[in-house]
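So the structure is just underneath, and the comments pick up after that.
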Amino acid sequence: MRSEILEEMPETIMEYFCEEVLKRDWPNCIHAYYFIKNAFQWMRKNSASSYKLYYISNDVDNGTFIGILSRPEEEYPDVVVTYTCPGNEEQFRRMLFSTDIINWQKKPLFQAIPFRMKAIVETMIEEKGLKSKLYSNAVLKWMPADVAARLDYEIPADVFIGQLTVDHIDFIYSLWTHSDVYPKSDLWDTEEEYPDVVVTYTCPGNEEQFRRMLFSTDIINWQKKPLFQAIPFRMKAIVETMIEEKGLKSKLYSNAVLKWMPADVAARLDYEIPADVFIGQLTVDHIDFIYSLWTHSDVYPKSDLWDTVRLNIGLGVFSRHNGELLAWAMCGSYGGLSTLIVQPDYRNRGFGKLIVLAVTKVMGESGVSPHALINEKNKVSLGLFKNVGYVKHSTPLPYVVVEDPDTSGP
Numbered sequence: 515m516r517s518e519i520l521e522e523m524p525e526t527i528m529e530y531f532c533e534e535v536l537k538r539d540w541p542n543c544i545h546a547y548y549f550i551k552n553a554f555q556w557m558r559k560n561s562a563s564s565y566k567l568y569y570i571s572n573d574v575d576n577g578t579f580i581g582i583l584s585r586p587e588e589e590y591p592d593v594v595v596t597y598t599c600p601g602n603e604e605q606f607r608r609m610l611f612s613t614d615i616i617n618w619q620k621k622p623l624f625q626a627i628p629f630r631m632k633a634i635v636e637t638m639i640e641e642k643g644l645k646s647k648l649y650s651n652a653v654l655k656w657m658p659a660d661v662a663a664r665l666d667y668e669i670p671a672d673v674f675i676g677q678l679t680v681d682h683i684d685f686i687y688s689l690w691t692h693s694d695v696y697p698k699s700d701l702w703d704t705e706e707e708y709p710d711v712v713v714t715y716t717c718p719g720n721e722e723q724f725r726r727m728l729f730s731t732d733i734i735n736w737q738k739k740p741l742f743q744a745i746p747f748r749m750k751a752i753v754e755t756m757i758e759e760k761g762l763k764s765k766l767y768s769n770a771v772l773k774w775m776p777a778d779v780a781a782r783l784d785y786e787i788p789a790d791v792f793i794g795q796l797t798v799d800h801i802d803f804i805y806s807l808w809t810h811s812d813v814y815p816k817s818d819l820w821d822t823v824r825l826n827i828g829l830g831v832f833s834r835h836n837g838e839l840l841a842w843a844m845c846g847s848y849g850g851l852s853t854l855i856v857q858p859d860y861r862n863r864g865f866g867k868l869i870v871l872a873v874t875k876v877m878g879e880s881g882v883s884p885h886a887l888i889n890e891k892n893k894v895s896l897g898l899f900k901n902v903g904y905v906k907h908s909t910p911l912p913y914v915v916v917e918d919p920d921t922s923g924p
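Quick note: to get the working numbering, add 514 to the position in the sequence shown (first position is 1).
Written out as structure tokens, the structure reads:
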């Protein structure tokens, strides 16, 4: 059995690999250098895209590297960035022909290949029974950072320079000439303005140990004003005290009621679909519309829906007349049923119950115990889930957001 020569690059080796190895070939290595730097930065920020960075751990100094960028949109190719220091092309060839880390079924895009390595990559593609096609030849332009920092310019009186936001992305993407190989997620990754979501738990009776752990750990990024999601009520005071200790303020976002159902019960559910609609799979094409109606878009970014639709269960009720999406629900990022919405014009027609039944049954058939966290003020949803057969848990589960302290004074 062939052993894999490449290993995933740990962040601890990144600085040496970039500064001491790659920079020997500066600026020819600049694409690989900043691909690696950006990958680790995005991974720390929970990018919707997935980076895998590989190197030869027992021969770091030869500079052989393969980076793979996978995006939420399945129809787009993985991006592969390759590099090896000059003189190591033969070792790179042997590595490329022996590794199994590249998913050839996804028809990858090899991005900005150093020209001395191009023939090796093309030969490898042929070995896989595939065909290579030149997408473009890129010219590398660069400038030293200190020179760039000294640049100056004047802004005309009738315009201003401003920060782009995710609201601009649809328009920008509509004009981008490379949308055939690069998905929209490349433009909106990552949403800095949204908080980290923190889920906490300890077994009953261990609250004091949990308190000591929470007060001693440094893993929470308090600067990002995290959202503590569905805190067990017995742990709420500990979390709030910790927030105060950090010089911040806690605010109750909502009290959630936990409703649940055993998986085997859910799998046996049955329902009838009216003749004028059908149940269909949600896709990433529905996300902009769904997000525009989601009441929790103030604390959850659009990428939550991308990941949910792509990786979990997402179903909708569609009109047979024109294919319009009328109602929908998903198995969300916390693993429970979420994002239940019925379009206002189609309420009180049973579509909410229908889509809850459909998603609940699929979850049960998948071995998941369906559960939902419902705002205690949402009486309509609470009644609907009870009608479907969900059982209420006895204690509320608070969502607590972290805010800056009120410094306005009395």
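Ideal Cβ placement from N, Cα and C applies to all residues, glycine included.
Quick caveat, the model's predicted, so the values are computed rather than measured.
The alpha-carbon separation between ASN836 and PHE792 amounts to approximately 11 angstroms. The criterion of a C-beta distance shorter than 7 angstroms is not satisfied by ASN720 and PRO912. A residue is called buried once 16 or more other Cβ atoms fall within 10 Å of its Cβ, and ALA659, having fewer, is exposed. An exposed status is given to GLY897, since fewer than 16 other beta-carbon atoms sit within 10 Å of its beta-carbon.
Per DSSP, SER880 lies in no alpha helix (DSSP H) and is assigned neither H nor E.
For GLY866, the closest of LYS655, ALA843 and LYS632 by C-alpha to C-alpha distance is ALA843.
Among the bridge pairs identified by DSSP, VAL595 is matched with GLY581.
Here the region 616-625 makes contact with the region 635-646; the two share three or more CB pairs at distances below 8 angstroms. Looking from the CA of GLU522, the closest CA among GLU533, ILE550, LYS566 and ALA546 belongs to LYS566. Here GLU917 is near LYS763, since their CB atoms are less than 7 angstroms apart.
For TYR860, the closest of GLY850, LEU840, GLY676 and MET877 by C-alpha to C-alpha distance is LEU840. In its chain, beyond the 5 residues on either side, SER563, SER564 and ASP592 have a beta carbon closer than 7 angstroms to the beta carbon of SER584. Around the beta carbon of GLU754, 16 or more other beta carbons lie within 10 angstroms, which makes this residue buried. Within the same chain, Cβ atoms closer than 8 angstroms to the Cβ of PRO541 are found at LEU654 and TRP656, the five residues on either side in sequence being excluded.
Contact holds between the region 873-889 and the region 774-781, because three or more Cβ pairs, one in each stretch, are under 8 angstroms apart. Within its own chain, the residues whose Cβ lies closer than 7 angstroms to the Cβ of SER847, once the five positions on either side in sequence are excluded, are ASP818, ASP821 and THR822, listed in chain order. In this structure, LYS551 is the residue among LYS551, ILE519 and LEU520 with its C-alpha nearest to the C-alpha of CYS532.
If the five residues before and after PHE742 are omitted, its C-beta is found closer than 6 angstroms to the C-beta atoms of VAL712, VAL753 and VAL914, all from its own chain and listed in chain order.
Each of PHE579, PRO746 and THR714 was checked against the Cα of ILE734, and the nearest Cα belongs to THR714. With a threshold of 16 other beta carbon atoms within 10 Å, HIS692 falls short and is exposed. Residue pairing of TYR568 in beta bridges, as defined by DSSP: GLU522 and ILE580. Sixteen is the threshold: since fewer than 16 other Cβ atoms of the shown chains lie within 10 Å of the Cβ of ASP666, the residue is exposed. Note on geometry: alpha-carbon atoms of PRO910 and GLU890 lie some 8 angstroms from one another.
Sorting GLN723, PHE579 and SER895 by C-alpha distance to the C-alpha of ASN602 places PHE579 at the top. Boundaries of the beta strand (DSSP E) around HIS885: 885-889. With fewer than 16 other Cβ atoms inside 10 Å of its own Cβ, LYS647 counts as exposed. Counted as a single uninterrupted DSSP element, the alpha helix (DSSP H) harbouring ALA777 occupies residues 777-781. Taking the CA atoms as reference points, VAL574 sits about 28 angstroms from GLU640. With a threshold of 16 other beta carbon atoms within 10 Å, SER852 meets it and is buried.
Exclusion of the five residues before and after THR598 leaves GLY577, THR578 and PHE606 as the residues of its chain whose Cβ lies within less than 6 angstroms of its Cβ. Excluding the 5 residues flanking it on each side, SER806 has no same chain C-beta neighbour closer than 7 angstroms.
GLY581 and ASP614 have their C-alpha atoms roughly 13 angstroms apart. With contacts defined as CB atoms closer than 7 angstroms, TYR708 and PRO815 qualify as a contacting pair.
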